[in-house]
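Q: The structure that follows is given in the form of structure tokens.
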Amino acid sequence: MCIAGALCSPAAIASNFEISPVVLELSSARTAGVVKIVNNDNHDVSLQIRAYDWEQKDSQDVLNPTQSLIISPPVFTVAPGASQTIRIISKRPAEVNEVAYRMLVDEIPTAAAGPAINFKFRISMPIFIAPNTAPNLKLGWTLSAGKTPRLNVANTGNRRGRLLNLVLTLPNGKKITPPAGANPYTLAGMIRQYPFDVDAPLAAGSLVKMSANSDTGPIETEITVTP
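In structure tokens form, the structure reads like this:
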């Protein structure tokens, strides 16, 4: 299942479904796109699709229903072995900063599943509207001292940044990673905080190595820990 911020293969698989692409890129020159969902299961499945504005506040993803994206069809049933093409149209003009949305694809439980079965799968797919100026990614970071150090990733550029396989190497050589499932995206103009657990408090002034993969290539840097 593909959750918010997860890195997926070119075709994400949830339950016995495939969805492609897993990230939709739109712009002022390309205001519409299509997404294809394939049902590889042996029974009909009904799906509902909804669009949300995607923002970040206090290092948390905030989703609010939006009318800025037209999704057609919003509700449908896919037969076994069949596929459904969804058309997505943006009504919102491009802005100085990249605009971010999330498209949620939810399974609609059937009556045959019974009242005791309420499991649904969900796919959360990013949709981005490119900025109306040249895309510019600028990421910076600081690391706080203490028993639970926090890595603050600041994106002062106009498009989202993404850190994958994030690893900190402490002065004693130990490698630590953020909690599993942490969203790798830092949206344009936002600051995202990653908490870490350490065995001993991290001292201010010490040097920590950071490595990660980003959309622009690998990152290898050294950070001076701040008070």
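To convert, take the position in the sequence shown, counting from 1, and add 34; that gives my numbering.
Beta carbons: idealized from backbone N, C-alpha and C, even for Gly.
(1) Less than 8 angstroms between the CB atoms is what I'm expecting for V187 and L197, so what's the real figure, rounded?
(2) In this structure, does DSSP put T176 in helix, strand or coil?
(3) Compute the Euclidean distance between the alpha carbons of L241 and G191, then round it to the nearest angstrom.
(4) On the CB-based measure, 16 or more other CB atoms within 10 Å of its CB, does E132 come out buried or exposed?
(5) For D233, which residues does DSSP report across the bridge?
(6) Would the segment 55-72 and the segment 121-139 be scored as touching if the rule is three or more Cβ pairs under 8 angstroms?
(7) Looking at R193: is its Cβ nearer than 7 angstroms to the Cβ of A168?
(8) Report all residues from its chain with a CB closer than 6 angstroms to the CB of Q90; omit the five preceding and five following residues, and keep chain order.
(9) Do the CB positions of L204 and M244 come within less than 7 angstroms of each other?
(10) Apart from the five residues just before and just after I151, which ones in its own chain have a Cβ nearer than 8 angstroms to its Cβ?
A: Working from what's here:
(1) In the sequence shown, residue 187 corresponds to position 153, counting from 1. In the sequence shown, residue 197 corresponds to position 163, counting from 1. Between V187 and L197 a beta carbon distance of about 7 angstroms is seen, short of the 8 angstroms cut, so the two are scored as contacting.
(2) Numbered from 1 along the sequence shown, position 142 holds the residue referred to as residue 176. DSSP places T176 in strand when its eight states are reduced to three.
(3) Taking the sequence shown and counting its residues from 1, one reaches residue 241 at position 207. Taking the sequence shown and counting its residues from 1, one reaches residue 191 at position 157. Their Cα atoms are separated by approximately 26 angstroms.
(4) Position 98 of the sequence shown, counted from the start, is the residue given in the question as residue 132. Looking at its Cβ environment, which holds 16 or more other Cβ atoms inside 10 Å, E132 is buried.
(5) As a position in the sequence shown, residue 233 is number 199, starting the count at 1. Within the DSSP secondary-structure output, D233 pairs in no beta bridge.
(6) Flag = yes, the segment 55-72 and the segment 121-139 touch.
(7) As a working mapping, residue 193 is identified with position 159 in the sequence shown. As a working mapping, residue 168 is identified with position 134 in the sequence shown. At a Cβ-Cβ threshold of 7 angstroms, R193 and A168 do not count as neighbours.
(8) Indexing the sequence shown from 1 puts residue 90 at position 56. Excluding sequence positions up to five before and after Q90, its CB lies within less than 6 angstroms of the CB of L221 and M224, all in the same chain and listed in chain order.
(9) The residue given as residue 204 occupies position 170 in the sequence shown. The residue given as residue 244 occupies position 210 in the sequence shown. Result no, Cβ atoms of L204 and M244 do not sit closer than 7 angstroms.
(10) Working through the sequence shown from its first residue, we reach residue 151 at position 117. Bear in mind that a pLDDT of 49 at I151, under 50, signals an unreliable position, so the model cannot answer this.
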